[in-house]
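So the sequence shown is numbered by our numbering: it starts at 421 and just counts up by one.
We treat Cβ as the ideally placed atom computed from N, Cα and C, and that holds for glycine.
None of the values given here were measured: they were computed from a predicted structure.
What follows is a set of notes on a single structure, which appears directly below.
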Amino acid sequence: MILLNFEYPATRKAFTPLRGALPLSPLSRKCGGAMSQPPQETGNDRPRGRKRRALRAGFRVTIVTLLVAAVLGWLQREEIADDFIADTFADQGVPAIYDIVQISPRKQVFANIVIGDPELPDLTVERVEVLITPRLGLPDITEVRLIRPRLFGTLQNGRVSFGALDPFIYGGEDGPFEFPSLRLAIDDGRALLDSEYGRVGLKLSGSGHLRGGFTGELAAVAPSLASGDCAAQDVTLYGRVAIDAERPVLRGPLRIAALDCESSGLELRDASVNLNLKAERNLVDFASDIAFDVDSVALADIRAGLRGDGRFIWRDGDLNVRYDLAAVDADTPFAAFGDLAVEGRVRALENFGQLEVEGEIAGEDVRMGPDIDGAIAAAAEATGGTLLQPLLNRIGLNLARDLRGSQLQASFTARQRDGRSTISIPEARLRGGSGETLLALSRGQVDMGEGGLPLFSGNFQTGGAGLPRISGRMEQTPGGALELRMAMREYTAGNASLALSDVRLLQGRGGEIAVNGRAYADGAIPGGMVSGLELPLDAIMAANGSFSMWRGCRDVRFDRLTIANLQLGRESLTLCPPSGKPILRYGTGGLQFAAGANALDLTGRLAETPISVRSGPVGVAWPGTLAASDLDIRLGPADSGQRFTITDLRANLSADTIVGAFQGADVFLASVPLDIFDAAGSWRYDDNRLTITDAALRVEDRQENNRFEPLIARDASLWLFDNRITADAILREPVLDREITQVQIVHDLATGTGHADLNVDNLVFDDSLQPAPTYSQCLEEAGTQQRPRGLTCLALGVVSDVQGSVRGTGRIDWNADAVTSSGSFTTDGIDLAAAFGPVYGARGTIRFTDLLALTTAPNQRITIDRVNPGIEVYDGVVTFQLSNGELLQLQGGTWPFMGGTLTMRPVDIRFGVEEVRSYVLVIEGLEASQFVQQMELGNLAATGVFDGVVPIIFDENGNGRLENGVLTSRPPGGNVAYIGELTYEDMGFFANYAFSALRDLSYDEMQILMDGPLTGELVTRVRFEGIGQGETAKSNLITRAIDDLPIELRINIRAPFYQLITSLRSLYDPSAVRDPRSLGLINDDGVRLQESVDQQAVDERDAAEAAEDERRLREALENDETDIQPQESEPVP
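Structure follows, in structure tokens:
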């Protein structure tokens, strides 16, 4: 082994020659340090190649050295020799320093030779010995010995320079190179070549005749070499050199520890190349046997261990190579090989102007690479839920199985000339472990030129157990175009299948490809299944890689299409592109899709329910927008189904998230008796989630007799994710915008079940909002009224003037079979006007067993603080049941009533129906004394207990009357007495006498009969039996005379119902009797009687007097100041 030790200091010391010894100068020097620059090249002097120039330059240096030694040896006199050598170097302009040690006829010895600048020498030789054979004429130099020569050179821009020695190297005639006829011995020769690629150190030792017999050892070391973005580390060459018949020979290993090229991704580790290089006599042509072993080589994503051998010959600008390569554990992105071998030859002619490569490929244990395997897996994952996923999964599994133990056989020929390349593949076949052919190619050819797409031709076929069978043929048409015809038999996986028929790919000379054919598919699609799908294939791929598809209207047919529970029968859908453009295109602007249909008319079934989908024009563009108008979706039978209509639907498909808006949406659900109208809002689809926001809508009752008036919502929201709908909204009264209820909806599309939660937080009834609109409003058509309409016209005529609040919750549940609902609503106190009188402080909780149908459980209980059917009663309880929002069954009501009880018998009230309603009030145990006290009849005293029945009847027009009302005293009767003083003192003798006699009256039986309209004159007949004087009545001759007579007193009273009690009081209290003039009984002078009295005139006079009294009161209040100091919390005047 030869060991080289080079040092490269930053500076170099000056050279000082000494006799008898040659100092060894450091080898490092700067480029261009020679004192004499080489002559400029001309076009005729340019060497034919960098390697040849370097090799010839080395030999020329050797020859120059030999000539110098020969001249010195030939001269016998030191002085003559010194002069001759000096003149020789001076003629070439080469500075030189040397010592003459010995001059003799057979031997000359020189020492301490320095060529070039002594500070930076180009060549130093410690000792030169020249052996001479004397003969007639010039003597022959037979041998030259160089002891420890040191040579310094540079390589820049492809030219080798040795500084001051260049005139000897490049200054001669340009002729064929020839070795001198002498023996050469080199002892410890070293050189340093400083190049643009890096520094290279060399060492050479050897001896022998230069025209045959020279042998030696050569070593070259380069710690680091770089060219472009490629860098090599620890490059070494160790070998034996020899000259055989003037032909140099080099045998030995070239080793590279590491080679990295950043741009190409080439990586090489631990490469060893055994050379057996032999050059011809001209040092231009050469040949070599090589054997190499690379531990690891990587090119981009291709990795392998590489071994092989071969032989190459370079002669007259032509290269012939025979190679036999073997890759071990080769991994590429597309395939991996247990073993891969390539054997063939390479021919390069005209200095690589033409190139031809032939080879035979043999591979074993072929496996899918990560790109193929990953692409199939990624495609299967990306097509999840579609028919392609099981097909791709089956391909991946079966291909991986069949590739175990597989074998690859192929042959190829590649040619390159005039910038155009062709690859011919006569035959290639990949056989699986089972022996079946997985892929076969024949007569394949690829033509590649500058720009454009490659041109292909050949036949191919795929197969294997469980793999698709595709066959095709590509050939060149007479017009120069390449045509591929292919078909794929039906390939199935589970219930998925795909077939291609009559697929034709036509490639023009410019590289564009036209595709035509048809595809047939069955299997899953996102959210469903399709059977008998037929798609036309109609596309053009341009030479720059762009393509377009479907340049006209195309029909898409299917036998059956199922999406979720939606199943459509055999249909055909026609899609048309925009004017002058294809439906699908791809280019510099990315993938674009634009298609439209004049209308949709699809029918099928949703689960077991018939469905139809119709629409007006529909258009979609991606990236771009989706627009659909007049969508009409019907579920179920035409007369009882569910219907969804949308006037306008739009979507923006340009962004990552699909967003859009809709308007004019109406929803009619057969299972829910509520309809949604004029819905509008925004929607978005992101991450498999549909979201509707800022929605405005109107909710109406579907029944002909609406159970409630229309409500509106704004800012409503809806979410659809994982087959589940969630929505919330606040329903409001449309004019006042007052919140009525909060609604939250959940619906599962898979099961058809769902529920809606209703929350009434605090619904306030006041003068602005009433349960029932006015009579005129209920007669008007819905939507024509801008005044508050109330909540339901069903309450019209039942309640009015409601004041108070209600709170509660409700829930609606539904499934495929039924809809149920319930709710509970509470009031802490509400006032209202009912048909039978004002109601105050009604409170309680109402529980609905069917909220949608407005049906309650029986015996709903309401507590009433006070009710006034004419006479106020307190602390009552009413029980009722509401059925279907139409029938109110008052199941009873009881009140404590003047020492007894007041009971209302059950009565049915049908909302929205003109009918006769009868309220029957039953009085039991009414005490006359409490009656007198409650009615504030201060001068009247009475005793007795009464029972009776008071029917109040309302006709179809809402007019009420008392009919056969009766109150009867219980035995033993009672007493009626006036205990006050007489108001009128001038009543006359007989009147005063009679009143005194009758002011205390006892009775055995008293009966009060009542009949007449509530708004007119009520006829009250009072009948007393068993009348006698009471204890405080004055007794006289007359009363005593008639005391034992049976007396029956009958009194008939005609007066409005609400004046009845006043009339009753006036019988006993003259202070309660109005001035007769105010009643029109006498003239204003108080003397003349009127012949007739008109009750209407009396009412009008009363109204006028009341208005005048109110006017006077207002004037008095405006001119008066309050006598009460205002509170701090009130506004201070």
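Using a Cβ distance threshold of 9 Å, Val1180 and Gly1210 do not count as a contacting pair. Leu719 places its beta carbon less than 9 Å from that of Ser684. For the pair Leu604 and Arg565, the CB atoms are nearer than the 9 Å cut-off. The distance from the Cβ of Val1219 to that of Pro1191 is about 6 Å, consistent with a contact at the 8 Å cut-off.
Among the bridge pairs identified by DSSP, Asn694 is matched with Pro673, Ala711.
Under the three-state reduction of DSSP, Arg893 is assigned to strand. Contact annotation: Arg1443 and Leu1429 have beta-carbon atoms nearer than 9 Å.
Residues of the same chain with a CB within less than 6 Å of the CB of Ser601, apart from the 5 flanking positions on each side, are Arg631 in chain order. Going by beta carbons, Arg851 and Leu819 fall outside the 9 Å limit. By the Cβ neighbour-count rule, Ser1241 is buried, with 16 or more other Cβ atoms within 10 Å of its own. Assignment of Ala1397 by DSSP, reduced to helix, strand and coil, places it in the strand class.
By the neighbour-count criterion, in which 16 or more other beta carbons inside 10 Å mark a residue as buried, Lys1001 falls on the exposed side.
Between the alpha carbons of Ala782 and Phe757 lies a gap of roughly 10 Å. Around Phe712, the same chain offers Ala691, Ser692, Val693, Asn694, Leu726, Arg727, Gly728, Asp729 as residues with beta carbons nearer than 8 Å, after the five sequence neighbours per side are excluded. Within the model, the alpha-carbon separation for Asp680 versus Asp649 is close to 8 Å.
One alpha carbon belongs to Ile552, the other to Leu745, and they sit about 52 Å apart. Linking Ser968 to Phe706 through their CA atoms gives a straight-line distance of about 56 Å. Fewer than three pairs of CB atoms, one per stretch, sit closer than 8 Å, so the segment 909-926 makes no contact with the segment 782-796.
Look at Gly816 here: in three-state DSSP terms it is helix.
Each residue's CA atom was taken as its position, placing Val1259 and Gly1249 some 11 Å apart. Asp1295 is positioned such that its CB atom lies no closer than 9 Å to that of Asp1251. In this model, Asp975 and Arg824 are separated by some 44 Å (Cα to Cα).
Sequence-distant Cβ neighbours of Gly779 in its own chain, meaning closer than 6 Å and more than five residues away, are Val762, Gly764, Phe832. Distances from the alpha-carbon of Arg814 to those of Leu887, Val1370, Leu902 put Leu887 closest. Ranked by Cα distance from Asn1384, the first of Ala934, Thr1299, Val1369 is Val1369. The continuous alpha helix (DSSP H) containing Tyr590 extends over residues 586-590. Contact check for Arg1005 against Ser966 passes: the beta carbons are separated by less than 9 Å.
Take the alpha-carbon of Glu776 and the one of Gly884: they are about 34 Å apart. It is roughly 43 Å from the alpha-carbon of Phe1300 to the alpha-carbon of Arg1521. Contact check for Tyr1105 against Val1079 passes: the beta carbons are separated by less than 9 Å.
Residue pairing from DSSP places Ile1053 in a beta bridge opposite Val1033, Phe1064. With contacts defined by Cβ atoms closer than 9 Å, Leu739 and Arg767 form a contacting pair. For the 9 Å CB-CB criterion, Asp542 and Phe572 form a contact.
Secondary structure at Gln522: strand, using DSSP grouped into helix, strand and coil. In the same chain as Phe772, and ignoring 5 residues on each side of it, the C-beta atoms closer than 8 Å to its own belong to Leu739, in chain order. The continuous beta strand (DSSP E) containing Pro541 extends over residues 541-553.
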